[in-house]
Ligand SMILES: Nc1ncnc2c1ncn2[C@@H]1O[C@H](COP(=O)(O)OP(=O)(O)OP(=O)(O)O)[C@@H](O)[C@H]1O
Ligand SMILES: [Mg+2]
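Protein chains in written order, with my numbering: chain A, 1 to 595; chain X, 596 to 974.
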């Protein structure tokens, strides 16, 4: 695959003053964001070049920071990606809005060309050192090591201490930052949450990390198959904002508006251009070269396009993790009792293609004994284009959707309108070439009604699959309880009756025997019910709908028998265009299905 | 009256259960279903009687606990009946706890709170079709403070002795009726013209202090909210033994009509098996009547539908008109019309509003009441 051209524009000054907007709002977040930008880039680069990623992370404290209450922290990320040419290094690490991913309509993690340069800026502002980079492409005989600094005034990268070195790998990039920051490992905003989350939604990733003095961890890939990268489709004009629209035009140089629109966008033909004209596009612009159009004129073009109805974009551009790979990856979360995974077919929400995937798993280490009913809320892991979202969860479309599902129907506890409780992890992954975030730091997905409804349906499917197992467990508990009941009450009942009636010992013995016989029948019935539930769960497991983890179990089968189609919520899925069904109705239907 | 004593019935029941067990047959306990949908109302009888719905409890893994608990408490009751000991429900709860404490084998029976033991007690009563009192289980006496210058009460004491109480000798101290009306005998020293039951015990006290009983040959009683068994049995006794008209004077609102007055007059669905002895079908509703508001220019006020309690009372009233055989019967048309009026107008008027008629005359409410009785202005 040919390497994309990296383009740059505009100034670094704005960003250096507004680093808090792009994830550097606190010392703790600075560490996470730096790590995240680098790892995301490595994964993107490997994906573009169909390389199975091997990423190595080291984060350590090396002194005290210059800012109050901070440590000096070294963050080093190395990958086995395609590597960068020496000339590209300054652009990538030192220039803002330099990106190969811009406007491609791909589901890549990075989109804007800001991420890694912001990390360099933060490093430079706090430790005066910038980024230390080692890079090697296949074509280079030796690797290059250099330091990159941002020339903030000119939005340019400066290369220092450049030298050739021998390196241990044929290609890849390694980048090291020294920054002021603070390390938080656990919790929603923690580094471990990011790393483990990233592993979860990237089943093909080999990740090693060493954090502080903790032993080095190795997370091995569970599949040798990278994600299927869909043919990039041209962006749909309705998914762009005016600014993006204009910036996008810069990529094409000197072509006429007509040619640009037809070539650079999907769903635009000669006919649609005629429609644009009807809707206010001045006819004379059509054959004008786009590099001659003023901002105001672009605005007119943009307005006319948005007034015109277009075919929805194709869903082909959406890439997914897939149920099989996701299923394998879930087991890396910890000791998993059982789980269910659902990948929905890509669909259109708010005119943008999107695919929702969910994994719900019960984790042994989250199960607390003897505290029935007092479990804390489930852990929610959110992902947008396979990047963990770790802040601001309450406003997020994914959390909102979880809260609207009636989890009690599937055997989980749930306070009204809240997250369910229990030792579960709900991992939700949203993939789309155009994810609408609520803010610039990409931490919450905008909760539009259509998107929430689509996520909700995914969750309902996963909940149904899960409930089969949960019900089996309840039945087992029931049985145990019943057995206990009988042992306890029978002698008391017979004793009391005999005392009241002054019955002789012989009657007492006979009554006891009769009672045991009677209740034995009940027990057998309960056992049978349990067995049936087990068979049910087993069936579900076989069909890939529910997966119970046993020590010596071989990998789950992939084939999905016809039953799968028949039992998953039906009509609703197939009619993508159908209006979100009224909540109550769907819910009722789902409950009926469970029974 | 039944021809078997409670201990006999209990022993029969236990013996039947035991025989079933010996034969490995599932024993069944049957109890009267005490709910509105099993309530009948015959205007000639005058109170709610049980229909033929029964609650069957068959022994199985889920019901074995309930059955064991019932037989366990029954044994305690039988012991009490044998020795003549009496208890309140709360005391019985602690007695049961004590039994468990002294015999760890009974641990599984342990009641977590009094509602659990109470419901088993009710179950036993429904099963034996008897009153709690017949099992020597009494609620504390509540409500029913009574004043009269004519009434004499003779109580048969548990030891067989007799106590005679002349209410006129008590001054402004009320007589407190007992939960067991069967042990009381009534006599009038002089002709009694009527009995007035006032919803608020406080207002009844005021009437007495203002000389109500001096001016009228009557029995004056405070009900204090939903009438207790003591009040209900007491009214029934007055009705049966003295043959005097009884009038109820209380608030004009859905709660009073439905919960207080209906219970007094015809009993309740929860106490189906005891309504025959705990209701006074002759009692009349003297007011406040809807027409009184205009007639006496009483201060009434709108029902706050935002108030949960009042909103619920209204809803219950609407349900009663549909489902309560008492209000559905044409004999009680006058009363159901009041419910209709309340639902439609959403206003209420309190008994104390009669004090606004002439604020300077403390006997004004009395005058109105007497006038209403004279003019047969009641339902
Ligand atoms: N490890 C790497 N290996 C190869 N190419 C890289 C690597 N890191 C960055 N790049 C290139 O540098 C470009 C700029 O990266 P940068 O993180 O600044 O922007 P982005 O990833 O495109 O968007 P975003 O700001 O959303 O992260 C990328 O588009 C990619 O082409
Ligand atoms: Mg990036």
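Glycine included, every Cβ here is placed at the ideal spot set by N, Cα and C.
{"Asked": "Using a Cβ-Cβ distance cut-off of 9 Å, determine whether residue 510(A) contacts chain X.", "Found": "yes"}
{"Asked": "Name the one or two DSSP bridge partners that residue 790(X) has.", "Found": "814(X), 841(X)"}
{"Asked": "Under 8 Å: does the beta carbon of residue 41(A) sit that close to some heavy atom of ligand 1?", "Found": "yes"}
{"Asked": "Specify, as a first and last residue, the run of the beta strand (DSSP E) that residue 31(A) falls within.", "Found": "Run containing residue 31(A): none in the beta strand (DSSP E); it sits in the alpha helix (DSSP H), 27-48."}
{"Asked": "Does the stretch 402-410 of chain A come within contact of the stretch 333-353 of chain A, defined as at least 3 CB pairs closer than 8 Å?", "Found": "no"}
{"Asked": "Can you tell me which of the three DSSP states residue 675(X) falls into?", "Found": "helix"}
{"Asked": "So which of 412(A), 301(A), 16(A) has the shortest CA-CA distance to residue 275(A)?", "Found": "301(A)"}
{"Asked": "Could you pull the DSSP bridge partners for residue 382(A) from this structure?", "Found": "389(A), 428(A)"}
{"Asked": "With which residues is residue 847(X) paired in a DSSP beta bridge?", "Found": "944(X)"}
{"Asked": "Using the rule of at least 16 other Cβ atoms within 10 Å of the residue's Cβ for burial, across every protein chain shown, is residue 562(A) buried or exposed?", "Found": "Bear in mind that the predicted position of residue 562(A) carries a pLDDT of just 26, short of 50, making it too unreliable to give a figure here."}
{"Asked": "Does any residue of chain X have a CB that is nearer than 9 Å to the CB of residue 599(A)?", "Found": "In this structure chain A extends from 1 to 595, so residue 599(A) is not present and cannot be described."}
{"Asked": "Counting only C-beta atoms, is residue 604(X) closer than 9 Å to chain A at any point?", "Found": "no"}
{"Asked": "In its own chain, which residues sit with a C-beta less than 8 Å from the C-beta of residue 574(A), not counting the 5 before and 5 after it?", "Found": "The predicted position of residue 574(A) is uncertain, since its pLDDT is 32 and thus under 50; no value can be drawn from it."}
{"Asked": "What are the residues that DSSP puts in a beta bridge with residue 349(A)?", "Found": "352(A)"}
{"Asked": "Identify each residue in the stretch 60-89 of chain A for which the Cβ-Cβ distance to at least one residue of chain X is less than 8 Å, and report them in chain order.", "Found": "none"}
{"Asked": "Pull up the distance between the alpha-carbon of residue 703(X) and that of residue 478(A), whole angstroms please.", "Found": "17 Å"}
{"Asked": "Within its chain, find whatever has a CB closer than 6 Å to the CB of residue 559(A); leave out the 5 residues flanking it on each side and keep chain order.", "Found": "With a pLDDT of 30 at residue 559(A), under the threshold of 50, the modelled position of this residue cannot be trusted, and the question is left open."}
{"Asked": "Does at least one heavy atom of ligand 1 sit under 8 Å from the Cβ of residue 106(A)?", "Found": "no"}
{"Asked": "Distance cutoff 9 Å, beta carbons only. Does residue 659(X) sit that close to anything in chain A?", "Found": "yes"}
{"Asked": "Would you mind sorting residue 460(A) into buried or exposed? The rule is 16 or more other CB atoms within 10 Å of its CB.", "Found": "buried"}
{"Asked": "On the DSSP bridge assignment, give the partners of residue 413(A) in chain order.", "Found": "421(A)"}
{"Asked": "Among 732(X), 868(X), 737(X), which has the Cα closest to the Cα of residue 649(X)?", "Found": "868(X)"}
{"Asked": "Give a yes or no on contact between the stretch 489-502 of chain A and the stretch 608-622 of chain X, applying the rule of three or more CB pairs nearer than 8 Å.", "Found": "yes"}
{"Asked": "Comparing the CB of residue 356(A) with every heavy atom of ligand 1, is any distance shorter than 8 Å?", "Found": "no"}
{"Asked": "Any heavy atom of ligand 2 closer than 8 Å to the beta-carbon of residue 386(A)?", "Found": "no"}
{"Asked": "At a threshold of 8 Å, does residue 445(A) count as lining ligand 1 (C-beta to nearest heavy atom)?", "Found": "no"}
{"Asked": "In terms of residue numbering, what span does the alpha helix (DSSP H) encompassing residue 124(A) cover?", "Found": "115-127"}
{"Asked": "Shorter than 9 Å from the beta carbon of residue 670(X) to some beta carbon of chain A?", "Found": "yes"}
{"Asked": "If you check the beta carbons only, do residue 642(X) and residue 874(X) fall under 9 Å apart?", "Found": "yes"}
{"Asked": "Would residue 967(X) and residue 887(X) qualify as a contact pair, given that the criterion is a beta-carbon distance under 9 Å?", "Found": "yes"}
{"Asked": "Assign residue 351(A) to buried or exposed, taking buried as 16 or more other Cβ atoms, counted over all protein chains shown, within 10 Å of its Cβ.", "Found": "exposed"}
{"Asked": "With a threshold of 9 Å between beta carbons, is residue 651(X) in contact with chain A?", "Found": "no"}
{"Asked": "Quick one: measure Cβ to Cβ for residue 119(A) and residue 38(A), integer angstroms, because I've assumed they're closer than 8 Å.", "Found": "7 Å"}
{"Asked": "For chain X, check one thing: does any of its Cβ atoms lie closer than 9 Å to the Cβ of residue 530(A)?", "Found": "no"}
{"Asked": "Under 8 Å: does the beta carbon of residue 161(A) sit that close to some heavy atom of ligand 2?", "Found": "no"}
{"Asked": "Whole angstroms is fine: what's the gap from residue 758(X)'s alpha carbon to residue 781(X)'s?", "Found": "12 Å"}
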